[in-house]
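Reviewing the structure listed below.
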Amino acid sequence: MSLDAVLARIDADLEAATGRLFELLRIPSISTDPAFAGDVRRAAEWLRDDLAAMGFAAEVHDTPGHPMVVGHMDGPGPHLLFYGHYDVQPVDPLSLWDRDPFDPEIQDTPKGRVIRGRGAADDKGQLMTFLEACRAILAVEGALPCKVTVFLEGEEESGSPSLVPYLKERGEALKADLALICDTGLFSDDVPAIVTQLRGLLGEELTITGPRIDLHSGSYGGMAMNPIRVLSRILGNLHDADGRVQVPGFYDDVEELAPELKAQWDGLGFDEAAFLGEVGLSVPSGEAGRTGLERLWSRPTAEVNGIWGGYTGAGFKTVLPSKASAKVSFRLVAKQDPLKLREAFRAWVRAQLPADCTVEFHGHGASPASRMDISHPAFEIARRALSQEWPGEAAFTGAGGSIPVAGYFKEILGMDSMLAGFGKDDDAIHSPNEKYDLSSFHRGMRAWARVLDGVAQG
Ligand code: BES
Ligand code: ZN
115 MSLDAVLARI DADLEAATGR LFELLRIPSI STDPAFAGDV RRAAEWLRDD
165 LAAMGFAAEV HDTPGHPMVV GHMDGPGPHL LFYGHYDVQP VDPLSLWDRD
215 PFDPEIQDTP KGRVIRGRGA ADDKGQLMTF LEACRAILAV EGALPCKVTV
265 FLEGEEESGS PSLVPYLKER GEALKADLAL ICDTGLFSDD VPAIVTQLRG
315 LLGEELTITG PRIDLHSGSY GGMAMNPIRV LSRILGNLHD ADGRVQVPGF
365 YDDVEELAPE LKAQWDGLGF DEAAFLGEVG LSVPSGEAGR TGLERLWSRP
415 TAEVNGIWGG YTGAGFKTVL PSKASAKVSF RLVAKQDPLK LREAFRAWVR
465 AQLPADCTVE FHGHGASPAS RMDISHPAFE IARRALSQEW PGEAAFTGAG
515 GSIPVAGYFK EILGMDSMLA GFGKDDDAIH SPNEKYDLSS FHRGMRAWAR
565 VLDGVAQG
């Protein structure tokens, strides 16, 4: 294929591509909140129609949860599966957004032009980089240089409950020589990254109940057990003074980082002070005696993501509540087994309950860590492709976040994955005022065109 002509087409079409992304960003496809189920479907249909307009055989596949979008286009050479997710995180607290999260716009910032809006970086802007690369190739060449299947999920941000059953039932149709996953970030502003390992995730919600009903905290305080006290004591016990997680057996299946990998990571020159400084912090939290990148990429964590109970409205109310709840997530590494740890966590909580208190648990997703096989030739092709688009050489890195599908592709379909994404640390994913740099969007499209061209040439 004529790569130069394709890259020129991408450049010329950038404004139109941004317009198409805006259409997708305007659909509030928040997967975790049932109130938005219709919008999630609308986003799936928008993507199906966009794929069909390009000539893909595209379908929306229903699941018990949100639908999957699948598009196929034949071509010569290797078969690539592209994965992205079209669902987004909730927007709250809405008051901290500078504009409507679903009314995207281009903004000029001191660090360049950005696309502002929920999902701009995670993951609509990213998945559109691949679709736009395909669109440009098709416009110039009339065909793709390889066989391509596009697989877009609508439940990634809510623990992918339908994904495993779907892959077991219909996964054969997705099986390709390699999966490309675009849902990660650059290593730094100038250094692109191919992520070779991801942490897993275990989500747990717990509610502790004490008295049968809410009580007057004067009439009962001193006699009645307060479940918020119980909950905060237990959550306070999650870590010891060195930041190690206290759930028994938590570190059993954690492995030390291989010395070569540690040396490679040390060589990346990660700027811990800048990383923390960007978010108003200065002192690393987490496990003592570990480098920043180890803490982020190869060590497991426990974090409280939400906590509630009693009266939190305006003013003051002297209540001794009946219930207190929290959402807790664990990032998992190496061979840590999410289901085993779920039981260990629940037993550890139960063992700390005082008389008269009960606890209920609700699981939210459980996926193990995953590691990519970098011996596949596409990794070198992608390293070159990305290095041509950003000032620095592409690096092989880890990522602290979780993308459960990479592990499932391997486990269920025997398919390897390669993760390349173009987000930046300051994109504020999962946070108010999410953005995606226009340069990430633009270079991302160009990088995928190069990858497709490189893979086709073998
Ligand atoms: N795109 C992120 C994962 C990610 C974040 C990768 C940062 C690399 C760097 C993804 O959409 C995400 O947030 N996943 C959830 C998965 C969970 C709900 C199972 C996560 O990591 O919390
Ligand atoms: Zn994502």
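Residue numbers for the sequence shown follow the working numbering, so the first one is 115 and each next one is one higher. Built from N, CA and C at the ideal position, the CB exists for glycine as well.
Is isoleucine 517 a contact residue of the ligand BES, with contact defined as CB to any heavy atom under 7 Å?
Checking every heavy atom of the ligand BES against the Cβ of isoleucine 517, one is found closer than 7 Å.
To the nearest angstrom, how far is the alpha carbon of aspartate 163 from that of glutamate 173?
A straight-line Cα-Cα distance of about 9 Å links aspartate 163 and glutamate 173.
CB-CB length for phenylalanine 265 against phenylalanine 196, believed under 8 Å
7 Å between Cβ atoms; contact.
Sort Pro341, Leu312, Gln311, Asp214 by Cα distance to proline 546 and report the nearest one.
Across the set Pro341, Leu312, Gln311, Asp214, the C-alpha of Asp214 shows the shortest separation from the C-alpha of proline 546.
Between histidine 199 and the ligand BES, is there a pair consisting of the residue's CB and a ligand heavy atom that are separated by less than 7 Å?
Relative to the ligand BES, the beta carbon of histidine 199 is positioned inside 7 Å of a heavy atom.
Could you check the C-alpha separation between glycine 152 and glutamate 548 for me, to the nearest Å?
Near 23 Å, if we compare the C-alpha coordinates of glutamate 548 and glycine 152.
What residue range is occupied by the uninterrupted beta strand (DSSP E) comprising alanine 532?
For the sequence presented, residue 532 should be read as methionine rather than alanine. 531 to 535 is the span of the beta strand (DSSP E), which, as asked, contains methionine 532.
Which stretch, first to last residue, makes up the beta strand (DSSP E) that contains glutamate 129?
Segment 128 to 139 is the alpha helix (DSSP H) holding glutamate 129; no beta strand (DSSP E) there.
For glutamine 571, count neighbouring Cβ atoms within 10 angstroms of its own Cβ and tell me buried if that reaches 16, exposed if not.
Exposed is the call here.
Any non-hydrogen atom of the ligand ZN within 7 Å of aspartate 237 CB:
Within 7 Å of the C-beta of aspartate 237 there is at least one heavy atom belonging to the ligand ZN.
Whether or not the stretch 364 to 372 and the stretch 267 to 287 are in contact is what I'm after, with contact meaning three or more pairs of Cβ atoms, one per stretch, closer than 8 Å; do they touch?
Of all C-beta pairs linking the stretch 267 to 287 to the stretch 364 to 372, fewer than three are shorter than 8 Å, placing the two stretches out of contact.
Given 7 Å as the limit, tell me if glutamate 369 has its C-beta closer than that to any heavy atom belonging to the ligand ZN.
Outside the cutoff, so no.
Just to check, is the beta-carbon of aspartate 297 closer than 7 Å to a non-hydrogen atom of the ligand ZN?
The answer is yes for aspartate 297.
Lysine 261 vs glycine 189 beta-carbon contact at 8 Å
It is a contact, given that the beta carbons lie within the stated cut-off.
Residue range of the alpha helix (DSSP H) that arginine 498 falls in?
That run of the alpha helix (DSSP H) goes 491 to 503.
Distance between serine 516 and tryptophan 411 (C-alpha atoms, nearest Å):
Tryptophan 411 and serine 516 have their C-alpha atoms roughly 10 Å apart.
Quick check: the stretch 413 to 433 against the stretch 516 to 533, are there 3 or more CB pairs under 8 Å?
Output reads no: the stretch 516 to 533 does not touch the stretch 413 to 433.
Any chance the CB of leucine 455 is under 7 Å from a heavy atom of the ligand BES?
The ligand BES never approaches leucine 455 closely enough for any of its heavy atoms to be under 7 Å from the residue's Cβ.
What are the start and end residues of each continuous alpha helix (DSSP H) run of 4 or more residues lying completely inside the stretch 308 to 366, in chain order?
Listed in chain order, they are 341 to 350.
Label valine 393 either buried or exposed according to how many other C-beta atoms from any shown protein chain fall within 10 Å of its C-beta, with 16 as the threshold for buried.
Counting C-beta atoms within 10 angstroms of its own C-beta, valine 393 has fewer than 16 neighbours from the protein chains shown and is therefore classed as exposed.
So what does threonine 511 bridge to, in DSSP terms?
Beta-bridge pairing links threonine 511 to Val309.
Under 7 Å: does the beta carbon of glutamate 267 sit that close to some heavy atom of the ligand ZN?
Within 7 Å of the C-beta of glutamate 267 there is not a single heavy atom belonging to the ligand ZN.
Contact the stretch 286 to 306 vs the stretch 527 to 544: 3+ CB pairs below 8 Å:
The count of Cβ pairs closer than 8 Å, one atom from the stretch 286 to 306 and one from the stretch 527 to 544, reaches three, so the stretches are in contact.
Just to check, is the beta-carbon of glutamate 270 closer than 7 Å to a non-hydrogen atom of the ligand ZN?
Indeed, a heavy atom of the ligand ZN lies less than 7 Å from the Cβ.
What's the call for glutamine 203, buried or exposed, on a 16-neighbour Cβ count within 10 Å?
Under a 10 Å Cβ-count criterion, glutamine 203 is classified as buried, with 16 or more other Cβ atoms of the shown protein chains found around its own Cβ.
Alpha helix (DSSP H) runs wholly inside the stretch 131 to 205, at least 4 long, in chain order
The qualifying runs are 151 to 168.
Can you name, in chain order, every residue of its own chain whose Cβ lies under 6 Å from the Cβ of histidine 476, other than the five neighbours on each side?
The answer, listed in chain order, is Glu319.
Helix, strand or coil, according to DSSP, for aspartate 118 in the structure here?
The answer is helix: DSSP assigns aspartate 118 an H, G or I state.
Exposed or buried, aspartate 518, counting other C-beta atoms within 10 Å across all chains shown (16 or more means buried)?
One point to set straight first is that residue 518 is proline, not aspartate, in the sequence displayed. Proline 518 is buried by the Cβ-count criterion.
Here's a check: name, in chain order, each residue in its chain whose Cβ is nearer than 7 Å to the Cβ of glutamate 401, leaving out the five neighbours to either side.
Result list for glutamate 401: Asp356, Gly357, Arg358, Arg409, Arg413, in chain order.
Count the other C-beta atoms from every protein chain shown that fall within 10 angstroms of the C-beta of alanine 563, then say buried if there are 16 or more, exposed otherwise.
Buried.
Sort Glu494, Leu316, Arg140, Pro306 by Cα distance to aspartate 451 and report the nearest one.
Aspartate 451 has its Cα closest to that of Leu316, out of Glu494, Leu316, Arg140, Pro306.
Run through DSSP, which three-state label would alanine 582 get?
Nothing in the structure corresponds to residue 582, since the chain is present only between 115 and 572.
8 Å CB neighbourhood of arginine 156 in its chain, flanking five on each side removed
The residues Ile141, Ser143, in chain order, have a CB closer than 8 Å to that of arginine 156 in the same chain once the five nearest residues on each side in sequence are set aside.
Rounded to a whole number of angstroms, what is the C-alpha to C-alpha distance between glutamate 457 and arginine 497?
Their backbone Cα atoms lie some 41 Å apart in a straight line.
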